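Each remark here refers to the structure printed beneath this line.
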Amino acid sequence: MSALISWVSVVLDLPLGGPFDYRATAPVSIGDRVIVPFGRRKMIGVVVDLPAQPSYDPTLIKDVEQVLQDVAPLTQSWIRFARFAADYYQRPLGEVVLPALPSPLRSLAAYQGKRAAGGPVARLDKRRKVSQHTATPSTAPILNVGQQAAIDAIDASQGFKAFLLFGVTGSGKTEVYLHAAARTLARGKRVLMLVPEINLTPQFEQSLRARLEPVAGPEGVAVLHSALSDGERLRAWLSVQRGQARIVLGTRLSIFAPIDDLGLLVVDEEHDASYKQQDGLRYSARDLAVWRAHDLNVPIVLGSATPSLESWVNAQKKNYHRLDLPDRAREVTLPSVRLVDTRRLQMEHGLSPHLITAMRERLANKEQVLIFLNRRGYAPALHCNSCGWVSQCSRCTTFTVLHRATQGRNQLHCHHCGYQQRVPKGCPECGDQDMQPMGRGTQRIEEHLAELFPEARVLRIDADSTRKKGSAQALFASVHAGEVDILVGTQMVAKGHDFANLGLVGVLNADAMLFSQDFRAPERLFAQLMQVAGRAGRHTGHGEVMVQTGYPEQPVYQALLKHDYTGFAQHTIREREAACLPPFSHQALLSAEARELNTALDFLTAAREIATTLAAQLDCAGLITLYDPVPLRIVRVDNMCRAQLLIESTHRPSMQQLLRYWLAELNQNPDTRRIGWQLEVDPLEI
């Protein structure tokens, strides 16, 4: 700790530039949390600099009220990482630093008030932690040639090196992670492993504990994700910060874990869109992981059966070193894929005769069946045959989804704004009481399958059936235990799960993504289909995938038939390069929302003129493309009209420079305070 300091620069969780200068009357270090006055309130901030002189009149500067010393200061390397994230994603540093901390460490009420005795850390430390970890030690399976070569390459890397671990589903990528992690721990370094979704953490945690507890210790694995309670997240964060946890496993927020002595970073399913934060700091955890590995000079492994085109092109350019796992880890073949052309078929509740027959055969053989439909609820809409009325959200320009309830209280839900209402007894337009569901969601398919296969045990796993804490883990456990014959699920079931007895996967309504306006839709669809197809036959070797489609000739489906990611990637890359789309250009998206659409469009039009002027002044007009403002496909959400302005450039530094000056201009304009707007760098959805 340094000697008495006169001036400190503090960042706060505010949409303002900062940092803010204060006078310190007690010893303080960079990385300390402090309580400071701001306007008429008090806030917790983090010290990021100790300037020799304040940036404005010293007589106007207020004093730091308290230095919080219940945890060690955030390290210089962690603050450097946060600063990069703030600069790259064009957000104030305080909006990066503070939200990365567990809620109690940034809550004023946790330190001041009647219940604040000792602070949150002291209160947590007083509670005796009861360990609930009961992982059974397991032995490593015999590695194949590809796995061993990948592990050796990772282990031999000196300093930073980015590896793209490209392996078919079931090729044993997890085994590569475990071996590489074991060698890292043996060298006294720590491991950070990212997974795309919360429901994947239990099985990964079990594998890590079963294999690595002898090296990491019983408390050596910490799990970080947004579904933890405040106390659970604080305990896990402290175990990382104090050096007790040797392995950190988590979703995207765990990239901000306070670790300095890292020896290995792993990003599983690196292509997954879940790694991109969709509010606040709109960061990509995968991209930040690569930067952090480079900054800490350690290797990073990006694993996927369907790598993002950005990573694939990086491997082609030799920026990443590609490691291939072409075979399944067990000596079983990849599942056969069959396209069921539905154009001339008589469908039964959305199921083709071919799929129903295949299901009967698999169930008779005591195998499990997965029906994949990425649409939750009972039906996408409710409609009236008499007058044509369709259930419409009163707040959004979209339909409300019909949800069946257990006690007959059926409801209409808007999946965009959260609005809910009871299903009307009669049509609001004509009074006809014979309203019908339009289309099918997972609830309706579950109902039909229970009628079609009365002897089968049918289970649905989606966002609705897994709302309660621990429910997803319990439902997946029942599938693994063989207590389920037919599993109906959304994308939650498509990733990472190793179902030992699953023989058949049926895919419904895949065509919905074929004609999206988003240029990334085919890439997402192919990845999704490859992932869900990979659940079949992982242990038996005679898995089958049936995809119902009205467009079997589409390149996405033709590549899927042959499990040909490479062919699909090369075809899509050629299209992207010809159109100068990412990864051959860089994008940013300015979005605006207002009560009236014209207000949002007018704001974006004015913002475009400012950007055009700045591009000319910065001498980068030839490198920047500013598109016209346009309304979003779903224009109104929660009574706010939305529009966007796309910025594109083949030269990332020029675009970043323009964005920095542009934001400064927009923030100084008083008109911008009357409208909601945000800037997203590297958007995944346009």
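Okay, so the sequence shown: first residue is 1479 according to my numbering, each after it adds one.
Glycine is no exception: its CB is placed at the ideal position from the N, C-alpha and C atoms.
Note that this is a predicted model, so its numbers are computed, not measured.
Nearest candidate by alpha-carbon position, reference residue i, set the options
i	options	result
G1721	L1663, V1673 and R1760	L1663
S1732	D1757, A1700 and H1832	A1700
D1535	Q1889, A2094 and W1485	W1485
S2188	V1599, Y1567 and A1564	This structure leaves residue 2188 out entirely; the chain is present only between 1479 and 2164.
A1659	V1779, H2020, A2093 and R2054	V1779
R1569	L2162, E2163 and L2157	L2157
K1903	F2081, L1890 and G1896	L1890
F1931	D1765, A2037 and I1964	I1964
T2027	S1830, Q2122, L2110 and D1750	S1830
E1907	R1935, H1881 and Q1870	Q1870
S1489	W1556, E1573 and Q1547	Looking at the sequence itself, residue 1489 is Val, so the reference to Ser does not match. The option with the nearest alpha carbon to V1489 is E1573.
V1623	S1707, P2131, R1806 and L1672	R1806
V1957	V1971, F2081, K1946 and D1750	V1971
S1685	W1715, T1652 and L1716	T1652
P2148	Y2105, F2081 and S1943	F2081
Q2134	D1510, H2049, D1773 and D1565	D1565
Short Cβ contact (8 Å threshold) for residue i with residue j
i	j	result
L1787	P2061	yes
M2024	A1836	yes
D1630	L1576	no
D1940	G1967	yes
Y1798	F1641	yes
V1879	H1861	no
P2107	L2136	no
V1506	V1545	yes
R1840	L1982	yes
G1781	E1809	no
S1555	D1738	yes
Y2139	L2104	no
F1466	L1727	Because the chain here runs from 1479 to 2164, residue 1466 falls outside it and cannot be looked at.
P1813	A2011	yes
Cut-off 6 Å between Cβ atoms - residues of its own chain near residue i, not counting five sequence neighbours on either side
i	result
R1501	I1539 and D1541
R1584	I1522 and L1576
L1656	R1689
L1937	V1962 and L1965
P1493	none
Q1969	N1852
Spatial distance of residue i from residue j (CA atoms)
i	j	result
A1618	R1689	8 Å
A1578	L1571	11 Å
N1888	A1859	12 Å
A1587	K1754	31 Å
E1929	R2016	29 Å
L1817	M1825	15 Å
E2163	V1985	24 Å
G1495	G1650	46 Å
P1680	A1694	17 Å
T2128	D2116	36 Å
R1711	G1758	20 Å
G1866	N2076	30 Å
A1530	L1716	32 Å
W1769	C2098	26 Å
I1620	V1654	12 Å
V1512	E1543	7 Å
Whole-Å CB distance - residue i paired with residue j, under 8 Å assumed
i	j	result
K1639	L1742	Actually they do not touch by this definition, with Cβ atoms about 11 Å apart.
A1978	L1803	The Cβ separation is near 20 Å, so there is no contact.
A1723	V1745	Going by Cβ atoms, the distance from A1723 to V1745 rounds to 18 Å, so no, they are not a contact pair.
L2067	L2124	6 Å
H1832	P1785	Incorrect: roughly 32 Å between the Cβ atoms, too far for contact.
L1552	V1524	6 Å
Close Cβ partners of residue i (< 7 Å) along its chain, the five nearest in sequence each way excluded
i	result
I1632	F1641, A1658, P1777 and V1779
Q1914	H1861 and N1863
M1991	A1999, R2002 and L2003
R1800	L1642, F1644 and A1793
H1827	H1926
A1934	L1841, D1963 and I1964
8 Å CB neighbourhood of residue i in its chain, flanking five on each side removed
i	result
I1676	H1703, S1704, A1705, T1729 and A1950
S1480	For S1480, the pLDDT reaches just 45, beneath the cut-off of 50, and the residue's location in the model is therefore unreliable, although a value from the coordinates is still provided. Within the same chain, S1480 has close Cβ partners P1505, V1506, S1507 and L1528.
L2141	Q1568 and L2157
L2144	A2085, I2088, T2150 and W2155
T1614	A1688
Q1899	T1878, Q1889 and L1890
A2047	P1785, L1787 and W1790
Y2029	D1989, L1992 and Y2035
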